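See structure below.
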Amino acid sequence: MNNQSYVCELLSESNNEAVTHVLSARPCWNGVSLVKDVIIGKERCLYHAGPAYSCINAIPSSVRNSLAFGCIFEGWAQDWSEANHLLEAGEIRILSAQDYGLLVPLAGVISPSMAVIRVVDPKSGRQKFCVFNEGNEIATRLGCRDERLYEHHQWLNGEFSDWLIGCLDEPIDILPLMSASFKEGDDGHAQTGAGSRLIASVLRRRAYDTPDRIAAFLDSSSAFALNVWMAAAALMMSSAEGTKGASLVTRAGGNGRHFGYSIASDPTKWITSEAPVPLGTVESRFDGRIVGGAVGDSAVIDFLGLGGLNLASAPVLTIALSNYLPDDAMKRGESILAARHHALGGRRVGCLAERAAHYGRGPIILIGMIDAAGEVGRLGGGVVDVPGAFFMTDTSV
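Numbering of the sequence shown is given in the working numbering, commencing with residue 734 and proceeding in unit increments.
Written as structure tokens, this is what we have:
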């Protein structure tokens, strides 16, 4: 034990080493980068959430819409029809974002000219990148064809990105803000309003000036913190990569067809199964719509130990989701997480695949339910209770 964290005494030597790396990481938001400057030599590539697709026909309609927008945004296509033709012809490479250190929420897309949040661990130099949160209404993560997307992204990746750069001369230490948000009712995934206000407050204090459009955007973007948390969670988990014999999960996400995760001892391999369909209340205006399979890289938050494994911090959210939560929801983390993190208020972190397999249940993921047809976007907030069978692989240590 040290003054920063509390490692479980029952861990194997390899898992103890892995979780120690996670606990030692100190994610800081230290800038904004362009994807083409992060991933060199992949000019005609688009990036999606979760594991890679086997072929173009495996891509759900929602994600396909976002990929088409990526083609339009980059100027490779003039309209949706031309963009789809490029995708079907195989002229654009379609890649898993997490394979390249990037993260995408829900059915969104990352393209080379987009700006991304850069989160770094100062000690190790390890970095992760996530797209900006696009706001609540006009967003590729919703998986719809929206004619407003182009102008919004021109602004988001232009004026807004430039403003952020001016606010980040000094890094923002993420964990204190994250921990503070939990004291105000956030879970870190489905509920991030407090965290978004805290981050916006820091940015505004640092800014020379905050234009009206930027101020209005931050005020209305209750999930702005989510993308920062995603990059931070991914960075912390990835700190354990390469630990021989360790079953600590280092990546997690869904692409709408398959859901996958990786473990520290084999960090480049996705272990996949069919994407589960989130359970939740579909908003009445969307009655009759079909919920697609789980999609998005934000699952890294829940696999770290927050979100669906941090429900005690978000009582209002817990009540709202009570019909869809398993009986052990409030105590699930005690059985599958590796250690307590002092910087996160003593919350448990670090999902161990072998423990999830033994317990028979994995993390609880809080995730948006996306219209399978790719027509109306988010249908409501959902829950995925990852089954223990998902972890029935050789993860013995």
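Just so you know, even glycine gets a beta-carbon here, dropped at the ideal spot from N, CA and C.
Bear in mind that the values here come from a model prediction, so they are computed numbers and not experimental data.
Between 1120, 861 and 884, which lies nearest to residue 807 when the distance is taken from Cα to Cα? Numbered from its first residue, the sequence shown carries residue 807 at position 74. The residue with the shortest Cα to Cα distance from residue 807 is 884.
Range of the contiguous beta strand (DSSP E) that encloses residue 1007: In the sequence shown, the residue the question calls residue 1007 occupies position 274. Per DSSP, residue 1007 belongs to the beta strand (DSSP E) from 999-1007.
Strand pairing of residue 1142, partner residues [DSSP]: For the chain, the structure presents residues 734 to 1130; residue 1142 sits outside this window and is missing.
Quick one: using the 10 Å Cβ neighbour count with 16 as the cut-off for buried, is residue 870 buried or exposed? Position 137 of the sequence shown, counted from the start, is the residue given in the question as residue 870. A residue is called buried when at least 16 other Cβ atoms come within 10 angstroms of its Cβ; residue 870 does not meet this threshold and is exposed.
On the CB-based measure, 16 or more other CB atoms within 10 Å of its CB, does residue 816 come out buried or exposed? In the sequence shown, residue 816 corresponds to position 83, counting from 1. Flag for residue 816 reads buried.
Can you tell which of 1027, 917, 979 and 908 has its C-alpha closest to the C-alpha of residue 969? The residue given as residue 969 occupies position 236 in the sequence shown. Nearest C-alpha to residue 969: 908.
So does the region 986-993 actually touch the region 766-777, counting three or more Cβ pairs closer than 8 Å? No, they do not touch.
Looking only at DSSP bridge pairs, what is residue 861 linked to? Position 128 of the sequence shown, counting from 1, holds the residue named residue 861. DSSP, once it has assigned bridges, lists 852 as partnering residue 861.
Looking only at its own chain, which residues have a Cβ that is under 6 Å from the Cβ of residue 826, when we skip the five neighbours before and after it? For this step, residue 826 is matched to residue 93 along the sequence shown. Cβ neighbours of residue 826 within its own chain (closer than 6 Å, five residues either side excluded): 778.
Does DSSP put residue 1065 in a helix, in a strand, or in coil? In the sequence shown, residue 1065 corresponds to position 332, counting from 1. DSSP places residue 1065 in the helix class (H, G or I) of the three-state scheme.
By the three-class DSSP mapping on this structure, what secondary structure does residue 970 have? Here residue 970 refers to the residue found at position 237 when the sequence shown is read from its first residue. Assigned with DSSP and collapsed to three states, residue 970 falls in helix.
Tell me the DSSP secondary structure of residue 1037 in three-state form. Along the sequence shown, read from residue 1 onward, the residue named residue 1037 stands at position 304. Of the three classes helix, strand and coil, the one that applies to residue 1037 here is helix, per DSSP.
Selection from 829, 802, 793 and 861 that minimises the alpha carbon distance to residue 765: Here residue 765 is taken as the residue at index 32 of the sequence shown, counted from 1. Comparing C-alpha distances from residue 765 to each of 829, 802, 793 and 861 shows the shortest one belongs to 861.
From the DSSP output, in three-state form, read off residue 1127 for me. One-based indexing of the sequence shown puts residue 1127 at position 394. Confidence at residue 1127 is low in this model, with a pLDDT of 46, below 50, so the placement of that residue should be treated as unreliable; the coordinate-derived value is given next. Residue 1127 falls in the coil class under three-state DSSP.
Just to confirm, are residue 923 and residue 1050 a CB contact at a threshold of 8 Å? To locate residue 923, count along the sequence shown from 1; it is residue 190. To locate residue 1050, count along the sequence shown from 1; it is residue 317. Their beta carbons are under 8 Å apart, which means residue 923 touches residue 1050 by this criterion.
Report yes if the CB atom of residue 767 is closer than 8 Å to the CB atom of residue 848, and no otherwise. Numbered from its first residue, the sequence shown carries residue 767 at position 34. Numbered from its first residue, the sequence shown carries residue 848 at position 115. Taking a C-beta distance under 8 Å as the contact criterion, residue 767 and residue 848 qualify as a contact pair.
CB contact flag (residue 998, residue 976, <8 Å): Within the sequence shown, numbered from 1, the residue matching residue 998 stands at position 265. Within the sequence shown, numbered from 1, the residue matching residue 976 stands at position 243. Residue 998 places its beta carbon less than 8 Å from that of residue 976.
What is the DSSP secondary structure of residue 803, counted as helix, strand or coil? Within the sequence shown, numbered from 1, the residue matching residue 803 stands at position 70. The answer is helix: DSSP assigns residue 803 an H, G or I state.
Let me know the secondary structure DSSP gives residue 791 once reduced to three states. The residue labelled residue 791 in the question sits at position 58 within the sequence shown. Looking at residue 791 - three-state DSSP - the assignment turns out to be helix.
Report the three-state DSSP secondary structure of residue 900 (helix, strand or coil). For the purposes of this step, residue 900 is taken as residue 167 along the sequence shown, with counting starting at 1. Helix.
If you pair each beta-carbon of the region 1011-1022 with each one of the region 1032-1044, do three or more pairs fall below 8 Å? Contact between the region 1011-1022 and the region 1032-1044 is absent, because fewer than three Cβ pairs lie under 8 Å.
Would you kindly report the start and end of the unbroken alpha helix (DSSP H) that includes residue 847? Here residue 847 is taken as the residue at index 114 of the sequence shown, counted from 1. Per DSSP, residue 847 belongs to no alpha helix (DSSP H) and is neither H nor E.
Check residue 749 in the structure and name its three-state DSSP category. Walking along the sequence shown from the start, residue 749 turns up at place 16. In the structure shown, residue 749 sits in a helix (DSSP, three-state: H, G or I).
What number of angstroms, rounded off, separates the C-alpha of residue 736 from the C-alpha of residue 1076? Stepping through the sequence shown from its first residue, residue 736 is reached at position 3. Stepping through the sequence shown from its first residue, residue 1076 is reached at position 343. Residue placement at residue 736 cannot be trusted, given a pLDDT of 37 that sits under 50; the coordinates are not used to answer.
Less than 8 Å between the CB atoms is what I'm expecting for residue 1022 and residue 1112, so what's the real figure, rounded? Within the sequence shown, numbered from 1, the residue matching residue 1022 stands at position 289. Within the sequence shown, numbered from 1, the residue matching residue 1112 stands at position 379. Correct: roughly 6 Å between the Cβ atoms.
Should the region 1042-1061 be called in touch with the region 794-807, which here means at least 3 C-beta pairs below 8 Å? Not touching, per the Cβ criterion.
Taking the alpha helix (DSSP H) that residue 817 falls in, what are its first and last residues? Taking the first residue of the sequence shown as position 1, residue 817 is located at position 84. Where residue 817 is concerned, the enclosing alpha helix (DSSP H) stretches over 813-821.
Quick one: Cα of residue 889 to Cα of residue 744, how far? In the sequence shown, counting from the first residue as 1, residue 889 sits at position 156. In the sequence shown, counting from the first residue as 1, residue 744 sits at position 11. In a straight line, the C-alpha of residue 889 is about 44 Å away from that of residue 744.
For residue 1045, which residues of its own chain have a beta-carbon under 7 Å away from its beta-carbon, when the five flanking residues on both sides are left out? Counting from one through the sequence shown, the residue named residue 1045 turns up at place 312. The beta carbon of residue 1045 sits closer than 7 Å to the beta carbons of 1063 from its chain, once the five residues preceding and following it are set aside; these are given in chain order.
Under 6 Å Cβ to Cβ from residue 1102, same chain only, skipping five residues before and after it: list those, please. For the purposes of this step, residue 1102 is identified with residue 369 of the sequence shown, where counting begins at 1. Result list for residue 1102: 1011, 1013, 1024, 1112, 1113 and 1115, in chain order.
Closest to residue 986 by C-alpha separation, out of 785, 895, 1104 and 1047, would be which residue? On the sequence shown, residue 986 is found 253 positions in, with the first residue counted as 1. Minimum Cα-Cα distance from residue 986 among the listed residues 785, 895, 1104 and 1047 corresponds to 785.
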